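Residue numbers for the sequence shown follow UniProt numbering, beginning at 1 and rising by one.
Positions of the beta carbon are idealized from the N, C-alpha and C atoms, including for glycine.
None of the values given here were measured: they were computed from a predicted structure.
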Amino acid sequence: MVEETLILIKPDAVAANNIGKILAIYEANGLKIIAMRMLIMNDQLAAKHYKEHIGKPFYEKLVTFMTSGPLVAAVLKGDNAIERVRSIHGATDPTQAEAGTIRKLFATDKTRNAVHASDSATSAKREIHVFFSEAEIF
């Protein structure tokens, strides 16, 4: 089934000049980029995106990191895109990620783990509309 999913290339990966390398991995795996922008996330956008984590012990650290510098938001489209992207990313903890995954290649720890991806179709729909209007998705 053809799906759309949101990915974020986090500030650590942007600062390390890994944007192009990461995007190339998605494209090499048959995923199409149908929307993309670079931005600096503010506290309000972080709260909207991470609303399910508000009040959790790691929330403040996560927001501090995600608002620390530019990131790339993109919508990817392809067959089983949600599951495939999560597989391409690897485990949240890069020490547990399989060889060749984005997090094994570019992440340094569980917070600075290079990328984010929607975890379900429901999350993908909500997250995509946090960052993009319908008119911005091609």
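Proximity below 9 Å, CB of residue i to CB of residue j
{"i": "I7", "j": "V75", "result": "yes"}
{"i": "L105", "j": "L71", "result": "no"}
{"i": "E136", "j": "A81", "result": "no"}
{"i": "H53", "j": "F131", "result": "no"}
{"i": "R126", "j": "K10", "result": "no"}
Length of the line joining the Cα atoms of residue i and residue j
{"i": "Q44", "j": "M66", "result": "12 Å"}
{"i": "G100", "j": "K21", "result": "12 Å"}
{"i": "E27", "j": "I128", "result": "19 Å"}
{"i": "V85", "j": "G69", "result": "23 Å"}
{"i": "D109", "j": "E134", "result": "34 Å"}
{"i": "A24", "j": "G30", "result": "10 Å"}
{"i": "A91", "j": "I34", "result": "25 Å"}
{"i": "I19", "j": "Q96", "result": "22 Å"}
{"i": "M1", "j": "K32", "result": "14 Å"}
{"i": "D93", "j": "K77", "result": "25 Å"}
{"i": "D79", "j": "S87", "result": "13 Å"}
{"i": "F138", "j": "N17", "result": "26 Å"}
Cβ neighbour criterion (16 or more within 10 Å) applied to residue i
{"i": "P57", "result": "exposed"}
{"i": "D12", "result": "buried"}
{"i": "K61", "result": "exposed"}
{"i": "S120", "result": "exposed"}
{"i": "A73", "result": "buried"}
{"i": "G55", "result": "exposed"}
{"i": "R103", "result": "buried"}
{"i": "A107", "result": "buried"}
Nearest-angstrom Cβ-Cβ length linking residue i and residue j, presumed shorter than 8 Å
{"i": "A124", "j": "T5", "result": "5 Å"}
{"i": "A117", "j": "H89", "result": "6 Å"}
Contact with chain D by residue i, beta-carbon distance below 9 Å
{"i": "G100", "result": "Going by chain labels, chain D is absent from the structure shown, which holds only one protein chain."}
Any non-hydrogen atom of the ligand COA within 8 Å of residue i CB
{"i": "P70", "result": "With respect to the ligand COA, the structure offers nothing, as it holds no ligand at all."}
### Task
Scan the UniProt domain "Nucleoside diphosphate kinase-like" (2 to 138) and note each continuous alpha helix (DSSP H) run of 4 residues or more that stays entirely inside, going in chain order.
11 to 15, 19 to 28, 43 to 49, 59 to 66, 81 to 89, 102 to 106, 121 to 131
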